[in-house]
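Each number in the numbering used here comes from the position in the sequence shown (counting from 1) with 15 added on.
We put the beta carbon where it would ideally sit given N, CA and C, even for glycine.
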Amino acid sequence: MSRIVSVNQIEDVMNEAYELYRDHEGGKNASYIPYLEQIPSNLFGISICFPNGKIIEVGDTDYAFGIESISKVLTTILVLQQYNDETLLDKIGADATGLPFNSIMAILLENNHPSTPLVNAGAISACSLIQPIGNSEVKWEKIMRNMEQLCGSPLTLIEELYESESKTNFNNRSITWLLKNIGRIYDEPEMALDLYTKQCSLGVTCSQLAICASTIANGGWNSVSSKLIFDSGIATKILSLMATFGFYEKTGEWIYSTGLPVKTGVGGGIMGLLPGVFGISAFAPPIDEAGNSVKAQLALKHIMQKLHLHIYDRDKIELRY
Ligand code: GLN
Numbered sequence: 016m017s018r019i020v021s022v023n024q025i026e027d028v029m030n031e032a033y034e035l036y037r038d039h040e041g042g043k044n045a046s047y048i049p050y051l052e053q054i055p056s057n058l059f060g061i062s063i064c065f066p067n068g069k070i071i072e073v074g075d076t077d078y079a080f081g082i083e084s085i086s087k088v089l090t091t092i093l094v095l096q097q098y099n100d101e102t103l104l105d106k107i108g109a110d111a112t113g114l115p116f117n118s119i120m121a122i123l124l125e126n127n128h129p130s131t132p133l134v135n136a137g138a139i140s141a142c143s144l145i146q147p148i149g150n151s152e153v154k155w156e157k158i159m160r161n162m163e164q165l166c167g168s169p170l171t172l173i174e175e176l177y178e179s180e181s182k183t184n185f186n187n188r189s190i191t192w193l194l195k196n197i198g199r200i201y202d203e204p205e206m207a208l209d210l211y212t213k214q215c216s217l218g219v220t221c222s223q224l225a226i227c228a229s230t231i232a233n234g235g236w237n238s239v240s241s242k243l244i245f246d247s248g249i250a251t252k253i254l255s256l257m258a259t260f261g262f263y264e265k266t267g268e269w270i271y272s273t274g275l276p277v278k279t280g281v282g283g284g285i286m287g288l289l290p291g292v293f294g295i296s297a298f299a300p301p302i303d304e305a306g307n308s309v310k311a312q313l314a315l316k317h318i319m320q321k322l323h324l325h326i327y328d329r330d331k332i333e334l335r336y
């Protein structure tokens, strides 16, 4: 069975979500990375990109904020392109840890395995896997280029954020060396940590993230730049990872109530995707205890529930432009 949903309907509900939550006061900017603490807390935007490249948006959708953990999804795509899904499973994993994104305990509990490329341990491990091994400059070029192709336009490193994060990433350094000790870092450890920190410090706008999400939802086809960025089989793996742990230790509850596979970042961004329907992103700096943007999650939840768009629904959604 299929059900028709129009772009106008989606736009109305998106605007409604924006109005409902624009003055919501829950959450706090991330403070463990000093740069993030001083970003204006009232920024708020929502963007949606459809399979034909049409974009609808509201609010602060052209403000470049720190992509942070959302970058983990983009670099996982590169790992899957350079290797294959079996290698990713073997070297990093595809499981939920049930613990916070920066947990050291999770590595120990999971039999010395990073579990998933969507937590810090797995993402640092993924950066170490990027080829060419041993060449940080070319590795960075590949990571950055891949992200730009997914987003369909140039990205800029937020130098101040990179510096702020590099000066305070002691926990991530511990994770890196623990992983090295158990054979889960596949290149020079400090290089892997630096690449990870750098990718998290890239500035991205809500519009760019929605385009990136829709590229994944379209099985690798970026409909804004009209380019095929990756093989369609990769999208199903990415969606599985996102649905399993994209919302950290609250992912089960999130998928249960919204049906939207997402990836969040402590910079306040959330990127979500529904194959064949849209790529969506929302941004607002204040986050909850798990590290997920409060306003962005409320807005996305409202849109998904009001339009009955749950990914596991029996009915196929037919978009009307
Ligand atoms: N760079 C951040 C960190 O390593 C990313 C965390 C996040 O967005 N969840 O802590």
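Are there any heavy atoms of the ligand GLN lying less than 8 Å away from the beta-carbon of G4, as far as the coordinates show?
Since the first residue of the chain shown is 16 and the last is 336, residue 4 is not available in this structure.
Buried or exposed: which applies to P55, given that a residue is buried once 16 or more other Cβ atoms fall within 10 Å of its Cβ?
On the sequence shown, residue 55 is found 40 positions in, with the first residue counted as 1. With fewer than 16 Cβ atoms within 10 Å of its Cβ, P55 is classed as exposed.
Could you check which residue in L35, D330, I48 has the C-alpha nearest to that of N184?
As a first step, residue 184 is located in the sequence shown; it is residue number 169 there, counting from the start. Closest option to N184, Cα to Cα, is I48.
For I190, the nearest candidate out of S151, Y177, K182, L208 (CA to CA):
Counting from one through the sequence shown, the residue named residue 190 turns up at place 175. Cα-wise, what sits closest to I190 is L208.
Any chance the segment 29-38 sits against the segment 308-326, with 3 or more Cβ pairs inside 8 Å?
The count of Cβ pairs closer than 8 Å, one atom from the segment 29-38 and one from the segment 308-326, reaches three, so the stretches are in contact.
Quick one: give me the first and last residue of the alpha helix (DSSP H) that I318 is part of.
Here the question's residue 318 lines up with position 303 in the sequence shown. First-last of the alpha helix (DSSP H) with I318: 309-321.
A225, DSSP secondary structure in three states:
Within the sequence shown, residue 225 is the residue found at index 210, counting from 1. Helix, per DSSP.
Which full runs of the alpha helix (DSSP H) of 4+ residues lie inside the segment 256-296, going along the chain?
266-273
Residue nearest to L89 in terms of C-alpha spacing, selected from V277, L334, I318
Numbered from 1 along the sequence shown, position 74 holds the residue referred to as residue 89. Comparing Cα positions, the closest option is V277.
Just to confirm, is the Cβ distance from S351 to G283 under 9 Å?
Outside the displayed span of the chain (16 to 336) sits residue 351, for which this structure offers no information.
Cutting at 8 Å between CB atoms, please list the residues of its own chain near W192, excluding the five before and the five after it.
On the sequence shown, position 177 is the one that residue 192 refers to. Listed in chain order, the non-local C-beta contacts of W192 below 8 Å within the same chain comprise P204, local neighbours out to five positions each way being set aside.
K69 versus L93 - alpha carbon distance
In the sequence shown, counting from the first residue as 1, residue 69 sits at position 54. In the sequence shown, counting from the first residue as 1, residue 93 sits at position 78. The alpha-carbon atoms of K69 and L93 are separated by roughly 26 Å.
Which one or two residues does DSSP pair with W236 in a beta bridge?
Along the sequence shown, read from residue 1 onward, the residue named residue 236 stands at position 221. Answer is L243, bridged to W236.
Straight-line CA distance for Q146 to I71?
Working through the sequence shown from its first residue, we reach residue 146 at position 131. Working through the sequence shown from its first residue, we reach residue 71 at position 56. When rounded, the distance between both Cα atoms is 36 Å.
With a cut-off of 8 Å on the beta carbons, I'd call A228 and M159 a contact; round off their distance for me.
Within the sequence shown, the letter at position 213 stands for residue 228. Within the sequence shown, the letter at position 144 stands for residue 159. Incorrect: roughly 19 Å between the Cβ atoms, too far for contact.
Give a yes or no on whether the C-beta atoms belonging to Q164 and N237 are separated by under 9 Å.
Stepping through the sequence shown from its first residue, residue 164 is reached at position 149. Stepping through the sequence shown from its first residue, residue 237 is reached at position 222. Yes. Within cutoff.
With distances taken Cα to Cα, identify the nearest neighbour of S62 among G74, Y336, I148, G41.
Numbered from its first residue, the sequence shown carries residue 62 at position 47. Nearest C-alpha to S62: G74.
Short check: CB of P301 to CB of G81, under 9 Å?
The count along the sequence shown starts at 1 and reaches residue 301 at position 286. The count along the sequence shown starts at 1 and reaches residue 81 at position 66. No, these two residues do not count as a Cβ contact at 9 Å.
Under a Cβ-count criterion, where at least 16 other Cβ atoms within 10 Å of its own Cβ denotes burial, should I148 be classed as buried or exposed?
Along the sequence shown, one-based indexing puts residue 148 at 133. Burial call: exposed.
Measuring only from the beta carbon, is S84 closer than 8 Å to any heavy atom that is part of the ligand GLN?
In the sequence shown, the residue the question calls residue 84 occupies position 69. Correct: S84 has its Cβ closer than 8 Å to the ligand GLN.
Report yes if the C-beta distance between A250 and F293 is below 9 Å; otherwise report no.
Locating residue 250 in the sequence shown gives position 235, where the first residue counts as 1. Locating residue 293 in the sequence shown gives position 278, where the first residue counts as 1. Not closer than 9 Å, so no.
Return the chain-ordered list of same chain residues with a C-beta closer than 7 Å to the C-beta of L289, the five sequence neighbours on each side being excluded.
Translated into positions along the sequence shown, residue 289 becomes position 274. Taken in chain order, the residues that qualify are A232, L275, L324, I326.
Cα-Cα separation, L254 to F260:
Residue mapping note: residue 254 aligns to position 239 of the sequence shown, counting from 1. Residue mapping note: residue 260 aligns to position 245 of the sequence shown, counting from 1. Between the alpha carbons of L254 and F260 lies a distance of about 10 Å.
Less than 8 Å separating the Cβ of F116 from some heavy atom of the ligand GLN?
On the sequence shown, residue 116 is found 101 positions in, with the first residue counted as 1. For the ligand GLN, at least one heavy atom lies less than 8 Å from the Cβ of F116.
Kindly examine the ligand GLN and report whether one of its heavy atoms sits closer than 8 Å to the Cβ of E13.
As displayed, the chain neither begins before 16 nor continues past 336, which places residue 13 out of reach and without an answer.
Any heavy atom of the ligand GLN closer than 8 Å to the beta-carbon of I122?
Position 107 of the sequence shown holds residue 122. Incorrect: I122 has no Cβ contact closer than 8 Å to the ligand GLN.
Does the distance between the C-beta of Y211 and the nearest non-hydrogen atom of the ligand GLN fall short of 8 Å?
Your numbering for residue 211 matches position 196 in the sequence shown. Yes, Cβ of Y211 sits closer than 8 Å to a heavy atom of the ligand GLN.
Cα separation between D330 and I173?
For the purposes of this step, residue 330 is taken as residue 315 along the sequence shown, with counting starting at 1. For the purposes of this step, residue 173 is taken as residue 158 along the sequence shown, with counting starting at 1. Using only the alpha carbons, I get a separation of about 42 Å.
Using C-beta distances below 7 Å, list every residue in its chain close to S216, excluding the 5 sequence neighbours before and after it, in chain order.
As a working note, residue 216 is residue 201 in the sequence shown. Excluding sequence neighbours, S216 sits near G81, L172, I173, L176, Y177, E180.
I200 beta carbon near the ligand GLN (any heavy atom closer than 8 Å)
What you label residue 200 is simply residue 185 of the sequence shown in a count that begins at 1. Distances between the C-beta of I200 and the heavy atoms of the ligand GLN are all 8 Å or more.
Please state the DSSP three-state secondary structure of G218.
Residue mapping note: residue 218 aligns to position 203 of the sequence shown, counting from 1. Residue state, collapsed to three classes: strand.
So, for L114: in the same chain, excluding its five sequence neighbours on each side, which residues have a beta-carbon less than 7 Å away from its beta-carbon?
Residue 114 sits at position 99 when you count from the first residue of the sequence shown. Around L114: M120, A121, E264.
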